[in-house]
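**Q**
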Amino acid sequence: EAHSRLRPELSWIGHTLGAARDAEVMIAWAAAVLQSERVYLVLGPIADRMERQFRLDSDEARSVLRDALDSSRYFRLLDSVDALASGELLTSLADTRAKDALPELVNRRIARLRRAMHLADKARDPSQHDLALHEVRKEAKKVRYAAQLISPLRPKRTKRLATAATAIQEVLGTHQDSVVARQALLRLSTDAHNAGENTFTYGRLHAIEQARAEDSEAEYERAIRRIPKSLDTA
Numbered sequence: 129e130a131h132s133r134l135r136p137e138l139s140w141i142g143h144t145l146g147a148a149r150d151a152e153v154m155i156a157w158a159a160a161v162l163q164s165e166r167v168y169l170v171l172g173p174i175a176d177r178m179e180r181q182f183r184l185d186s187d188e189a190r191s192v193l194r195d196a197l198d199s200s201r202y203f204r205l206l207d208s209v210d211a212l213a214s215g216e217l218l219t220s221l222a223d224t225r226a227k228d229a230l231p232e233l234v235n236r237r238i239a240r241l242r243r244a245m246h247l248a249d250k251a252r253d254p255s256q257h258d259l260a261l262h263e264v265r266k267e268a269k270k271v272r273y274a275a276q277l278i279s280p281l282r283p284k285r286t287k288r289l290a291t292a293a294t295a296i297q298e299v300l301g302t303h304q305d306s307v308v309a310r311q312a313l314l315r316l317s318t319d320a321h322n323a324g325e326n327t328f329t330y331g332r333l334h335a336i337e338q339a340r341a342e343d344s345e346a347e348y349e350r351a352i353r354r355i356p357k358s359l360d361t362a
C-alpha cells in the first residue's frame, strides 16, 4: 500500500520537472531552428513572438516548480523515499534471494513495455498515438533501469536489454520533443494570425517537425525489434 501511494507522488514531481524542462528545450529549439532557416523564409515577427512566449512559459513552469519544491507535499515525498531506502517499506519479496526475484521483476517490466508498444501500434487517433508513444518511452526507461540494476547477475543479457531499451528511449525522446514543438507552433500561429501577422513560417516549421516525428517513428519501428519477450531471450 505504501508503494502504491508513492508512485503517483513521484509522477507528480516528475511531471512538474518535465514541464520546466520542456520550456527550456523550446527556448533552445526556437533559437536553433530559426537560425538554420534561410532569411527569406522567416516572415513576420516570429522570432520575437516565440522568444516572448517561451520565456513566459519557462517563467511560469519555474514558478510552479519552485512552489512544488517548497511544498509540504514534496517534503512528505522525500520522507517516503527515505523510508523506502532505509528498508522501512520493504515487502515480503525482500526475503527472496536476488538471483531468484530480480529477473522476474525485469520480465514484468519487459511485459509492460511490450504491452505499451502494442497499445501504441493500435492507436489510430494521431494525438492518442503520440500519447501512447510517450508511454512507451517511459516504460523503456524503466526497463533500462531494471536491466542496469541486475547487471551483475546476468551481465551480457542485461547489457543487450539495456541497450535496446535506451535506443527506444532516445528515439522517442526526439519524437516527444517534436510533439511539444508542433503543439507550440499551432498555438503561436493562431495568436499570430489573430494579430494579423504572416504565419507562413509557422506552417513551414510545423511541417519540418512533422517530418522529424515521422523519421523518429521509422527508427522506433526498427528499435522495437530488439526488445525480447523475456530476459532469457535477450
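Everything in the sequence shown is counted per the numbering used here, starting at 129 for the first residue and increasing by one. C-beta atoms are modelled at their ideal positions from N, C-alpha and C, and glycine is treated no differently.
(1) Report yes if the C-beta distance between A159 and A189 is below 8 angstroms; otherwise report no.
(2) In three-state DSSP terms, what is A251?
(3) For the structure I just gave you, are there three or more beta carbon pairs, one from the stretch 199 to 218 and one from the stretch 242 to 260, closer than 8 angstroms?
(4) Please state if the CB of H262 and the CB of Q297 are separated by a distance shorter than 8 angstroms.
(5) Within a Cβ cutoff of 6 angstroms, which residues of the same chain sit near P231, ignoring the five residues on either side of it in sequence?
(6) Tell me the DSSP secondary structure of D198 in three-state form.
(7) Do R340 and S317 have their C-beta atoms closer together than 8 angstroms?
(8) What separation, rounded to the nearest whole angstrom, lies between the Cα atoms of S199 and T361?
(9) Could you give the residue range of the alpha helix (DSSP H) that holds T361?
(10) In terms of residues, what are the limits of the alpha helix (DSSP H) holding S279?
(11) What would DSSP say about A323, mapped onto helix, strand or coil?
(12) Please name the residue, chosen from D195, S279 and A226, that lies closest to L145 on a Cα-to-Cα basis.
(13) To the nearest angstrom, how far is it from the Cα of L314 to the Cα of V299?
(14) Does the beta-carbon of V167 have 16 or more other beta-carbons within 10 angstroms, so that it is buried, or is it exposed?
(15) Let me know the secondary structure DSSP gives V264 once reduced to three states.
(16) Does the stretch 269 to 288 come within contact of the stretch 317 to 326, defined as at least 3 CB pairs closer than 8 angstroms?
(17) Can you list, in chain order, the residues of its chain with a C-beta nearer than 6 angstroms to that of E368? Leave out the 5 residues immediately preceding and following it.
(18) Roughly how many angstroms separate the alpha carbons of G331 and A312, rounded to a whole number?
(19) By the three-class DSSP mapping on this structure, what secondary structure does L171 have?
(20) Tell me the DSSP secondary structure of E165 in three-state form.
(21) Go ahead and pull the three-state DSSP assignment for G215.
(22) Taking the alpha helix (DSSP H) that T329 belongs to, which residues open and close that run?
(23) Report the option in Q338, D176 and I238 whose CA atom is closest to the CA atom of I355.
**A** Taking the geometry as given:
(1) no
(2) coil
(3) no
(4) no
(5) L359
(6) coil
(7) no
(8) C-alpha separation (whole angstroms): 45 angstroms.
(9) That residue, T361, is in no alpha helix (DSSP H); it is neither H nor E in DSSP.
(10) That residue, S279, is in no alpha helix (DSSP H); it is neither H nor E in DSSP.
(11) coil
(12) D195
(13) 23 angstroms
(14) exposed
(15) helix
(16) no
(17) As displayed, the chain neither begins before 129 nor continues past 362, which places residue 368 out of reach and without an answer.
(18) 12 angstroms
(19) coil
(20) coil
(21) coil
(22) Counting along the chain, the alpha helix (DSSP H) containing T329 begins and ends at F328 to A351.
(23) I238
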